[in-house]
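Chains as they are written, first to last, in this note's numbering: chain A, 1 to 126; chain B, 127 to 252; chain C, 253 to 378; chain D, 379 to 504. In this text, a Cβ means the ideal position worked out from N, Cα and C, and glycines have one as well. Since this is a predicted model, take the numbers as computed values, not measurements.
Number of protein chains: 4
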Amino acid sequence: MHRFPIRVYYEDTDMGGVVYYANYLRFIERARSDWVRNLGNDQNAMRADGLIWVVQRVEADYRLPARFDDELLIETEVLKVSPARLIMGQRVMRAEVEIFRAKVTVACVTAEGKPRRLPAEIRALS
Amino acid sequence: MHRFPIRVYYEDTDMGGVVYYANYLRFIERARSDWVRNLGNDQNAMRADGLIWVVQRVEADYRLPARFDDELLIETEVLKVSPARLIMGQRVMRAEVEIFRAKVTVACVTAEGKPRRLPAEIRALS
Amino acid sequence: MHRFPIRVYYEDTDMGGVVYYANYLRFIERARSDWVRNLGNDQNAMRADGLIWVVQRVEADYRLPARFDDELLIETEVLKVSPARLIMGQRVMRAEVEIFRAKVTVACVTAEGKPRRLPAEIRALS
Amino acid sequence: MHRFPIRVYYEDTDMGGVVYYANYLRFIERARSDWVRNLGNDQNAMRADGLIWVVQRVEADYRLPARFDDELLIETEVLKVSPARLIMGQRVMRAEVEIFRAKVTVACVTAEGKPRRLPAEIRALS
């Protein structure tokens, strides 16, 4: 289980006084970027090789609102790895309470959008 | 079917050269805001009454990337209305091609997060 | 004088109930993109040629807050054009009232950040 | 001198491959929020009292681009404090190199936009 801390800033909130719903996708992407960096995956090098990560599917459940100054913890785990696709489970926690949960499917593509095998360090997780 | 045009600007793209995945949720929220405004729902008045719309669940499929300057059309339709919950189907089209699709469940809550019945003009759709 | 309409959506607001201060820079960039497109400048083609627009300096004055659902008009005019630099005056208006004003200096650079002459259609404005 | 670390994520970049210009304002706002929190200023409590911080003016100079995965340090210092207004100097550094610099004027207002004296813990800095 990978854990990644986030604090909520003004930019993340909306006029409802809570975190805007799209911004949870920003939060969990930061956690995924940290997770692949820790596995030795360099997204700048991948991009220089003409490969990028793309998100194919997101299923997101919003349980409780997060507010300004909240300290959140993002938990990320691998649900499934195939040669071409990685499915991750991600949760946003405040203290011991889950406030958001998502299942995210990602893949690797060329600049023209053609699918490629995942980097070796990710396939090794299967 | 509600239709809402969007153009892709610099702010929407990321270093992959395409629209950042979280920004599709911004796009489809603009379309939903336009749709409820057309139905006579005033979100400023609701908020003055202590009520806000919240998203409970999103299922999103990313089919093709959108790029800078693309002209997109967001199609929104009601899939299901109950007293407490509204489920909408939304698609982002470029010309006749679907590039993104989402199923979005929304509800109304008080500032304290307590669920309330949907506004009458929305319940009338059921 | 170039005029460009904007509507304020949820994504633009923050917990203060008004438009988040950084988002005015997104608004005025949309207007600049529309302005250069109208002049025949294709930013996708420029990028394929290895050139991008960069902002060098912004002076911004926040006069009045904008709120959800506000219909704003962005006025853009050229203040000064030199071979390497363009200075623009931009104002965000609500009805006849100015709510934001900025002076923005932009230039063209290569992917490595080296300065280049502005596109011919822009230099022609001097 | 207040120092605040930032890492650049995908969400911060644009199709130019660098940090989008408006996002520096998000970065320096995070640093200001951290700075006032350290001084004992609770923005949630202020808001409950009907007061919010607003930005009145920004002068920003963009010196060098920041890129994905960059680790940046934001330096914040007080340039001037008056009863109604605070002027801060903020710099974004990468290693020892300044890549962005801004002078930001902030004030406190009521929900109706009326100016109020700055919180005591801020006025004490003068």
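Taking the beta carbon of E77/A as the centre, do at least 16 other beta carbons fall within 10 Å, making it buried, or is it exposed? As a working mapping, residue 77/A is identified with position 77 in the first sequence. So E77/A counts as exposed.
Q56/A versus A107/A: straight-line alpha-carbon distance, rounded: Along the first sequence, one-based indexing puts residue 56/A at 56. Along the first sequence, one-based indexing puts residue 107/A at 107. Taking the straight line from one Cα to the other gives about 7 angstroms.
Exposed or buried, which one is V490/D when buried takes at least 16 other CB atoms within 10 Å? Here residue 490/D refers to the residue found at position 112 of the fourth sequence. Strictly speaking, residue 490/D in this sequence is Glu, with Val absent from that position. With fewer than 16 other Cβ atoms within 10 Å, it is exposed.
Y20/A at chain D interface by Cβ criterion, 9 angstroms: Taking the first sequence and counting its residues from 1, the one referred to as residue 20/A is at position 20. By this cut-off, Y20/A is not an interface position.
Cα-Cα separation, L277/C to D321/C: Here residue 277/C refers to the residue found at position 25 of the third sequence. Here residue 321/C refers to the residue found at position 69 of the third sequence. Their Cα atoms are separated by approximately 18 angstroms.
Does any residue of chain D bring its CB to less than 9 angstroms from the CB of E121/A? Mapped onto the first sequence, residue 121/A falls at position 121. So no, E121/A is outside the interface.
So is M15/A buried or exposed if we call it buried at 16+ other beta carbons inside 10 Å? Residue 15/A sits at position 15 when you count from the first residue of the first sequence. When all chains shown are included, M15/A counts as buried.
Unbroken alpha helix (DSSP H) run spanning E155/B, endpoints: On the second sequence, residue 155/B is found 29 positions in, with the first residue counted as 1. It spans N149 to N164 - the alpha helix (DSSP H) in which E155/B sits, taken as one unbroken run.
Are the C-beta atoms of F68/A and some chain D residue less than 9 angstroms apart? Along the first sequence, one-based indexing puts residue 68/A at 68. For F68/A, the answer is yes, since a Cβ of chain D falls inside 9 angstroms of its Cβ.
Could you tell me which of V344/C, L331/C, L316/C and R299/C sits nearest to R368/C, measuring between CA atoms? Sequence index remark: in the third sequence, residue 368/C carries index 116 (1-based). Per the Cα distances, R299/C.
Please report the residue range of the alpha helix (DSSP H) in which A300/C lies. Within the third sequence, the letter at position 48 stands for residue 300/C. Segment Q295 to A300, the alpha helix (DSSP H) holding A300/C.
Among V184/B, Q216/B and E247/B, which has the Cα closest to the Cα of S208/B? Locating residue 208/B in the second sequence gives position 82, where the first residue counts as 1. Measuring from the Cα of S208/B, the nearest candidate turns out to be E247/B.
Let me know if S234/C comes out buried or exposed under the rule of 16 or more other beta-carbons within 10 Å of its beta-carbon. Residue coverage of chain C in this structure runs from 253 to 378, which leaves residue 234/C outside it and unanswerable.
Measuring straight from C-alpha to C-alpha, what distance separates M214/B and E155/B? Indexing the second sequence from 1 puts residue 214/B at position 88. Indexing the second sequence from 1 puts residue 155/B at position 29. Distance between the alpha carbons of M214/B and E155/B is about 11 angstroms.
Can you pull the DSSP bridge partners for V207/B? In the second sequence, residue 207/B corresponds to position 81, counting from 1. Partner(s): L212/B.
Between which residues of its own chain and A60/A is the CB-CB distance below 6 angstroms, once the five residues before and five after are set aside? Position 60 of the first sequence, counted from the start, is the residue given in the question as residue 60/A. These residues qualify, in order along the chain: A102.
Should A400/D be labelled buried (16 or more other beta-carbon atoms within 10 Å of its own) or exposed? Taking the fourth sequence and counting its residues from 1, the one referred to as residue 400/D is at position 22. It counts as buried.
For a contact defined as C-beta to C-beta under 9 angstroms, what are the partners of G395/D on chain B? Reading the fourth sequence from its first residue, position 17 is the one you call residue 395/D. Per Cβ cutoff of 9 angstroms: M141 and G143.
Would a C-beta distance cut-off of 9 angstroms place E327/C and R346/C closer than the cut-off? Your numbering for residue 327/C matches position 75 in the third sequence. Your numbering for residue 346/C matches position 94 in the third sequence. No, the pair does not count as a contact, with Cβ atoms beyond the cut-off.
Considering only the alpha carbon of each residue, which of D294/C, S285/C and R375/C lies closest to Q342/C? In the third sequence, the residue the question calls residue 342/C occupies position 90. Ranking the options by Cα distance to Q342/C, first place goes to S285/C.
How far does the alpha helix (DSSP H) with A372/C in it reach, from first residue to last? Translated into positions along the third sequence, residue 372/C becomes position 120. A372 to R375 is the span of the alpha helix (DSSP H), which, as asked, contains A372/C.
Mind pulling the chain B residues with CB within less than 8 angstroms of L25/A? Looking up residue 25/A in the first sequence gives position 25. The answer, in chain order, is Y147, A148 and L151.
Environment of E263/C [buried if 16+ CB atoms lie within 10 Å]: Mapped onto the third sequence, residue 263/C falls at position 11. Counting Cβ neighbours within 10 Å, E263/C comes out buried, since at least 16 surround it.
Figure out for me which residue from V58/A, V54/A and R63/A has the closest Cα to the Cα of A192/B. Locating residue 192/B in the second sequence gives position 66, counting from the first residue. The residue with the shortest Cα to Cα distance from A192/B is V54/A.
Using a cut-off of 9 angstroms between C-beta atoms, extract the partners of A237/B located in chain A. For this step, residue 237/B is matched to residue 111 along the second sequence. Within 9 angstroms Cβ-Cβ: G16 and G17.
Does the Cβ of P383/D have 16 or more other Cβ atoms within 10 Å, making it buried, or fewer, making it exposed? Walking along the fourth sequence from the start, residue 383/D turns up at place 5. Label assigned to P383/D: exposed.
Looking at chain A, is there any beta carbon in it that lies within less than 9 angstroms of the beta carbon of D439/D? Taking the fourth sequence and counting its residues from 1, one reaches residue 439/D at position 61. Closer than 9 angstroms: no.
At which residues does the beta strand (DSSP E) containing V361/C begin and terminate? By 1-based counting over the third sequence, the position of residue 361/C is 109. Unbroken beta strand (DSSP E) run through V361/C: V349 to T362.
Chain-order list of residues whose beta-carbon lies under 7 angstroms from that of D84/A (same chain, five-residue window excluded): The residue you call residue 84/A lines up with position 84 of the first sequence. Correcting the residue type first, residue 84/A is Ala in the shown sequence and not Asp. Once the five neighbours on either side are set aside, the close Cβ partners of A84/A are A107, P115, R117 and L118.
Can you name the start and end residues of the beta strand (DSSP E) that A444/D belongs to? Residue numbering aside, residue 444/D sits at position 66 when the fourth sequence is read from its first letter. No beta strand (DSSP E) holds A444/D; DSSP gives it neither H nor E.
Within chain A, partners of E263/C - CB distance below 8 angstroms: Reading the third sequence from its first residue, position 11 is the one you call residue 263/C. Those within 8 angstroms of E263/C in chain A are D14, Y20 and A22.
Going by beta-carbon coordinates alone, are H2/A and A31/A separated by less than 9 angstroms? Residue mapping note: residue 2/A aligns to position 2 of the first sequence, counting from 1. Residue mapping note: residue 31/A aligns to position 31 of the first sequence, counting from 1. Yes, these two residues count as a Cβ contact at 9 angstroms.
Residues bridged to M219/B (per DSSP): Position 93 of the second sequence, counted from the first residue, corresponds to residue 219/B. L199/B and E224/B, per the DSSP bridge assignment.
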